[in-house]
Every structure is written in structure tokens, then in C-alpha cells.
Amino acid sequence: AQKVTQAQTEISVVEKEDVTLDCVYETRDTTYYLFWYKQPPSGELVFLIRRNSFDEQNEISGRYSWNFQKSTSSFNFTITASQVVDSAVYFCALIIYGNNRLAFGKGNQVVVIP
Amino acid sequence: GAGVSQSPRYKVAKRGQDVALRCDPISGHVSLFWYQQALGQGPEFLTYFQNEAQLDKSGLPSDRFFAERPEGSVSTLKIQRTQQEDSAVYLCASSLVGVSTDTQYFGPGTRLTVL
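Protein chains in written order, with my numbering: chain A, 147 to 260; chain B, 2 to 116.
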């Protein structure tokens, strides 16, 4: 069985500060995919990134960056120079190759204070 | 292009009533998924379709929950004799092909409140 843990439930930052969201996963499978989704107040889950288990390269997309470390089973997400529009719940999720169900963590509520 | 759409966005039901929730996936997407999201929690998988075939329904919490996708496009999640514990947001997602590694794109959800 797979499990995703997002320990920080709510994080408040002042605008322009950086914020890092931790994601730790558990699986015995060697082939899997990791995802981050953003859920704004409107409720829709917005896809941010997908990373497969064989690709440990970090990725940067604008103000977003991701750090994938298999040695610690972590896939952390950093928002640089946060903005009010970043206020949302962010979910980390895992899917095993050959399976079709995403396993989500409980989410991180990010509040950016202007 | 248009994303995944769901209707209604909000539904209030009295305990014991039946409800039907609709999902319109992204056009051309083969796979369709239903998830249930309780307040303050991450989404939990309910069921999965590839075209019209329901390939996995292991996440459905009871036999009161039923999903269909008769023509391989629109899907309906039906809950019979609703209970208060069914109150949640029901999210639908679709993906282009039928492989597990494909990205799932989500709709806005239907918030169900059972009184």
C-alpha cells in the first residue's frame, strides 16, 4: 500500500516570503509517479507537476520549484516570493505504475498575508 | 479547451434521498475517475472507468454508491438513501489515455450536504 504524508497542516507567510511544503511518501514499488496539485477556494484541483521515480532532477517553473529525493522518500515544493494568489491548499499525491488511483496526502493550507 | 465540468456544484439532500452527480470529462479523454473529499482531507479514490468499462470500483464505500458511464463520455455517480456521512465534495477527473501514469485533470467538484 502507498501512503503520502504532509505534516504541516496550515502555513502562514507574509507576501514575498518563500514557503516550502514537505511531502514524504511510502511505497514498496520501484516505479511510481509523484504529483503536486493546487486547490484554490473555488475547489478545483489544478495540476502543477508530475515526476517519475527514475527522474530525480529538481525542477523549476517560474516561482515554483520541486526537490525530489528518493533517499529520503521526499518530494518537497517551494514557492519563491509568495503572492496572495498562492493562497490555496496544496496536495502531494502518488500513483503506482499499473494502478489507477492517486493516493493523496492531507494537504497543506497556505495563507499568504498581504 | 474546456476542462472537466461537474453538475450540480452544490447539492443539499435530506437523509434517505437519492442523488445523482454528473461529470463531463475533457473531450476525447478515455479514462474517468471519481474521488470523495471529506472536509479537511485529501481526495479518496472511489472508482475508475476506461471508456464505458468500470475497471475498478474498489473504493466505493458501500452498495449505496453506484457509478456509470454508458457511452464512454459523461459519467453519473449515484448515491442511494443518502446518509450524513456521505456529506463531502465529490471530484471527477479524466485523463487522456488509459495508463496509470497519465495526468488526471480534475473538475470543480460537487459539494454534497446531507441533512
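Backbone N, C-alpha and C fix where the C-beta goes; we use that ideal spot for every residue, glycine too.
Taking 8 Å as the cut-off, the beta carbon of residue 114/B is found no closer than this to the beta carbon of residue 9/B. Boundaries of the beta strand (DSSP E) harbouring residue 211/A: 210-215, taken from the DSSP string. Looking at the DSSP output, residue 198/A sits in a beta bridge with 179/A.
Using a C-beta cut-off of 8 Å, the stretch 208-226 of chain A makes no contact with the stretch 19-30 of chain B, since fewer than three inter-stretch Cβ pairs fall below that distance.
CA-to-CA, the gap between residue 186/A and residue 235/A works out to about 6 Å. Chain B places no beta carbon closer than 8 Å to that of residue 219/A, leaving this residue out of the contacts. Note that the C-beta distance between residue 37/B and residue 108/B is not below 8 Å. The three-state secondary structure of residue 230/A, taken from DSSP, is helix. With the criterion set as a beta carbon lying under 8 Å from some beta carbon of chain B, the members of the stretch 222-244 of chain A are 237, 239, 241, 242, 243, 244, in sequence order.
Per DSSP, reduced to three states, the secondary structure at residue 85/B is helical. Apart from the 5 residues on each side of it in sequence, residue 184/A sits with its Cβ closer than 7 Å to the Cβ of 192, 194, 234, 236 in its chain, given in chain order. Contact annotation: residue 48/B and residue 68/B have beta-carbon atoms nearer than 8 Å. The shortest CA-to-CA distance from residue 224/A to any of 163/A, 150/A, 155/A, 149/A is the one to 163/A. Separation of the CB atoms of residue 157/A and residue 231/A is rounded to 16 Å, and the pair is thereby denied contact status at 8 Å. By the neighbour-count definition (other C-beta atoms within 10 Å, threshold 16), residue 11/B is an exposed residue. For the stretch 75-92 of chain B, the set of positions with a beta-carbon nearer than 7 Å to some beta-carbon of chain A reads 90, 92 in chain order.
Chain B has no Cβ within less than 8 Å of the Cβ of residue 214/A.
Under the DSSP assignment, residue 38/B falls in the beta strand (DSSP E) whose first and last residues are 32-38. At least one C-beta of chain A is nearer than 8 Å to the C-beta of residue 109/B.
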